[in-house]
Amino acid sequence: CLKVWYVVNGVLTNRIHTNKGVRKECILAPLLFNLYINDLPGLTKDPMIHMPMILNTYCNILLYADNMILLSYSQVGLSRLLSSFSSYRQDKYLLLNLNKNYGV
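In structure tokens, the structure reads:
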């Protein structure tokens with residue numbers, strides 16, 4: 001049985017017991033997350049994203065487990081990529097950990 005909390009309109013709910021879902025520590029969690037976001041690397045083919053080339057392949061997203069790095073050579077490209085990702089994130093009901101977001 002999992003014990004979960006939800007944030008609804010910025011307010012944390014009371015603890016809810018459920019038999020559905022996957023614990024964060026579960027060995028299947030990264031695999032299931034990757035299946036859920038499988039279409040993310042094809043998010044956009046917009047040439048204005050200015051994707052870097054890595055090992056002879058254009059790449060704008062690096063993924064490892066539930067971590068992601070967005071790549072672009074320009075501020076304009078990164079802004080477009082972030083905009084596309086924002087729409088994707090909302091459609092998939094994904095939340096960002098604001099303590100783990102960085103821009104370089």
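The sequence shown begins at 1 in full-length UniProt numbering and counts up one residue at a time. No residue lacks a Cβ here, since even glycine has one placed at the ideal position from N, Cα and C. Quick caveat, the model's predicted, so the values are computed rather than measured.
Asked                                                                                               : Found
Can you tell me the Cα-Cα spacing of L63 and I69, whole angstroms?                                  : 7 Å
Measure the Cβ-Cβ separation of S84 and L43 and say whether it is below 7 Å.                        : yes
Could you tell me the distance, in whole angstroms, from the CA atom of L71 to the CA atom of D91?  : 21 Å
Over the uninterrupted beta strand (DSSP E) stretch that includes V4, give me the two end residues. : 2-4
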